[in-house]
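Chemist: In this note's numbering, the protein residues as written are 1 to 169. Beta carbons are placed, not taken as given, at the ideal position from N, Cα and C, and that holds for glycine. To start, I am sharing the structure in question, which I have written as structure tokens.
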């Protein structure tokens, strides 16, 4: 199973953005060209469009904003909100903060891994889900907490996970 997951991630990472995505990226770059402090807003908007920030897009941003590629790469790797790794279509977060952990988040995490098919890299073999462990989401009274695409599910029992994930094709 691990081989399939690793192979899938490799396939996802080698996926180049299509012409329609690159056209949108170019429009974002053009909207910010010449403006001071444009790099972070451009990276944010482009990541929203492409889903992640592949190297070819980072080079395009550097050229378009006349910023050294090393600076673009430095910003992307410094801030945790940016990713150079493709994500699944749906983002799952399992809170492992103290309250959630005490209320069974470890068992919940295992149930999510099993139901989603997420590999060691956190991406399901079919590219449907990305799984990440989160720290406190501020819903301690609702522990344990699971989020899918920003929607919070409270007091989740491991047995409920498959039904929750079925809502996200």
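So is residue 20 buried or exposed if we call it buried at 16+ other beta carbons inside 10 Å?
Modeler: Here residue 20 refers to the residue found at position 20 of the chain shown. It is exposed - the Cβ of residue 20 has fewer than 16 other Cβ atoms within 10 Å.
Chemist: Rounded to a whole number of angstroms, what is the C-alpha to C-alpha distance between residue 108 and residue 67?
Modeler: Locating residue 108 in the chain shown gives position 108, where the first residue counts as 1. Locating residue 67 in the chain shown gives position 67, where the first residue counts as 1. Going from the Cα of residue 108 to the Cα of residue 67 covers about 44 angstroms.
Chemist: Is the Cβ-Cβ distance between residue 133 and residue 94 less than 7 angstroms?
Modeler: Numbered from 1 along the chain shown, position 133 holds the residue referred to as residue 133. Numbered from 1 along the chain shown, position 94 holds the residue referred to as residue 94. In this structure, residue 94 lies closer than 7 angstroms to residue 133 by Cβ.
Chemist: With a 10 Å radius around its C-beta and 16 neighbouring C-beta atoms as the bar for buried, classify residue 117 as buried or exposed.
Modeler: For the purposes of this step, residue 117 is taken as the residue at position 117 of the chain shown. Counting Cβ neighbours within 10 Å, residue 117 comes out buried, since at least 16 surround it.
Chemist: Might you give, ordered along the chain, the residues of its own chain that have their beta carbon closer than 8 angstroms to the beta carbon of residue 62, omitting 5 neighbours on each side?
Modeler: In the chain shown, residue 62 corresponds to position 62, counting from 1. Correct list, in chain order: 68, 69, 71 and 72.
Chemist: Look at residue 90 and residue 32 and say whether their C-beta atoms are less than 7 angstroms apart.
Modeler: In the chain shown, residue 90 corresponds to position 90, counting from 1. In the chain shown, residue 32 corresponds to position 32, counting from 1. Contact annotation: residue 90 and residue 32 have beta-carbon atoms that are not nearer than 7 angstroms.
Chemist: Does the Cβ of residue 120 have 16 or more other Cβ atoms within 10 Å, making it buried, or fewer, making it exposed?
Modeler: Taking the chain shown and counting its residues from 1, the one referred to as residue 120 is at position 120. Answer is exposed; the Cβ neighbour count stays below 16.
Chemist: So what's residue 35 in DSSP terms, helix, strand or just coil?
Modeler: By 1-based counting over the chain shown, the position of residue 35 is 35. Residue 35 falls in the coil class under three-state DSSP.
Chemist: Classify residue 135 as buried or exposed, calling it buried when 16 or more other Cβ atoms lie within 10 Å of its own Cβ.
Modeler: As a working mapping, residue 135 is identified with position 135 in the chain shown. Exposed is the label assigned to residue 135, since fewer than 16 other Cβ atoms lie within 10 Å of its Cβ.
Chemist: From residue 59 to residue 82, what does the alpha carbon distance come to, in whole angstroms?
Modeler: Stepping through the chain shown from its first residue, residue 59 is reached at position 59. Stepping through the chain shown from its first residue, residue 82 is reached at position 82. CA-CA distance, residue 59 to residue 82, rounds to 15 angstroms.
Chemist: Please identify the residue among 123, 161, 126 and 77 whose C-alpha is closest to the C-alpha of residue 105.
Modeler: As a working mapping, residue 105 is identified with position 105 in the chain shown. Answer by Cα proximity: 161.
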